[in-house]
Each structure stands twice: as structure tokens, then as C-alpha cells.
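As numbered in the working numbering, residues 155 to 345 make up the sequence shown, in order.
We put the CB at the ideal spot given by N, CA and C, even for glycine.
These numbers come from a predicted model, not from an experiment.
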Amino acid sequence: CNPPQHLYCFDECTCIQALKRLTPTLPPAADQPAREDFDYYRNGTTDLLAFLNPSTGEVYGQCTKNHNRHTLCEVFSAHVQRHPSDAVIHYIMDNLSAHYHDDFCRTVAELSGVTYSSLKTRSDRQQWLRSPDKRIVVHFVPFHASWLNMVEIWFGILKGKCLKYGHFAAVGHLCESIIAFIETWNEFYAH
């Protein structure tokens with residue numbers, strides 16, 4: 155199997171909460187688990203839109219206020235523009251409606267330098283996005299199988315290593331911690 159040179163697994167990790175516990179978490183003692191207060195303040199949420207390169211393990215991510223189709227198109231465009239203008243880029247995605255919305259198809263067409271005429275049905279738009287006759291090709295995982303997308307595994311690592319015991323006084327602090335984790339991941343753990 156020869157995977158494409160530019161292949162990315164994409165997904166959104168939504169509603170990540172900036173939680174601040176009322177008391178610090180106590181470290182585990184001999185034969186005792188860590189002790190964590192069940193009371194906390196909610197200081198807002200952020201969404202993370204992330205692209206994982208399965209050949210290198212590197213992650214590109216951006217924290218956003220939402221994950222609607224407009225935000226998706228902006229973040230997706232920023233990711234595509236990081237590549238040479240003639241690079242063919244493949245994306246693996248789940249079947250969230252924003253991933254095949256007409257606005258997203260227009261964005262893909264614009265970034266690919268091809269014309270696009272609005273398509274009425276989901277299946278027609280997905281078929282157009284899958285077609286290999288443009289610069290950007292989207293591969294959809296089967297319905298109810300988003301766990302096949304490797305970035306989902308990375309989201310689990312992010313939650314366990316960065317978010318689980320974090321105390322975040324504000325959404326900005328949460329976003330800084332997520333971006334710092336991505337930078338650390340790319341420098342030391344991606345392979």
C-alpha cells in the first residue's frame with residue numbers, strides 16, 4: 155500500500171471545558187488513588203479542530219469558539235495553505251454534516267482551482283469530494299465508525315495527558331495549554 159504523500163486525519167474535539175477545581179488534586183499515596191475534588195467552576199469551552207499526519211504523527215490544531223461550517227472552512231483553508239500550491243492533499247473525515255456542506259464543497263473547489271456547481275444531496279456532495287480529479291480529496295470513514303480516524307486516538311491522548319488533571323481559570327489558559335501540548339507532542343512524541 156502506498157499512502158499519499160500528503161494525508162491527514164481530521165476531526166473536531168468539541169466542547170472542551172475549562173474547569174477549575176475548588177481544591178487542588180492530591181497526588182496518589184501508597185495503595186491510594188489520586189484524590190480529586192468533585193466541585194469545580196466552569197469557565198467556558200473551546201473546540202479543537204485538529205489534523206494528524208499518520209506518516210509522521212505530527213498534529214496541526216487550532217482552538218476555536220465553535221465548529222460550525224464557517225469555522226471549518228476557515229481552519230481547513232489555513233491548513234491547505236500550509237502546503238505547496240500544486241500538492242495533492244488527502245483528508246480522512248467522519249460524516250458530520252459540515253464535512254460535506256455546500257459551503258465546504260465551495261471552499262474545496264476554490265482551494266483546488268476547480269469549478270463547483272451546487273449539488274442538492276449529501277451523497278452527491280460526498281461523491282464530488284471523494285473524486286480524485288482535483289487537488290483536495292476527502293475520504294469519509296463509514297457511518298458510526300469515527301473511531302477508525304486516527305486523530306480520535308490522539309484526542310484520547312490529549313485528554314489523558316493534558317486535560318484530565320488540568321485546572322483552567324479561563325478559556326484562554328485552556329487553549330494555551332492545548333497548543334503547548336501540540337507543540338510538545340510534535341517535538342518529542344510524533345514519529
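By the three-class DSSP mapping on this structure, what secondary structure does residue i have?
i: E228; result: helix
i: K219; result: coil
i: V234; result: helix
i: H253; result: helix
i: A188; result: coil
i: L317; result: helix
i: A258; result: What sits at residue 258 in the sequence shown is Phe, not Ala. The answer is helix: DSSP assigns F258 an H, G or I state.
i: F322; result: coil
i: F342; result: helix
Tell me residue i's beta-bridge partners as DSSP assigns them.
i: K288; result: Partner(s): none; K288 has no beta bridge.
i: A204; result: D165, G215
i: K174; result: Y195
i: L180; result: R189
i: F294; result: M247
Counting along the chain, where does the alpha helix (DSSP H) carrying residue i start and finish?
i: G310; result: 304-312
i: E337; result: 325-338
Taking all protein chains shown into account, do 16 or more other C-beta atoms lie within 10 angstroms of the C-beta of residue i, making it buried, or fewer, making it exposed?
i: E330; result: exposed
i: E166; result: buried
i: R279; result: buried
i: W301; result: exposed
i: N303; result: buried
How far does the beta strand (DSSP E) with residue i in it reach, from first residue to last?
i: H244; result: 243-247
Can you round the beta-carbon distance between residue i and residue j to whole angstroms, since I take them to be within the 8 Å contact cut?
i: M247; j: H253; result: 5 Å
i: P238; j: L161; result: Their Cβ separation, rounded to whole angstroms, is 15 Å, which puts P238 and L161 out of contact at 8 Å.
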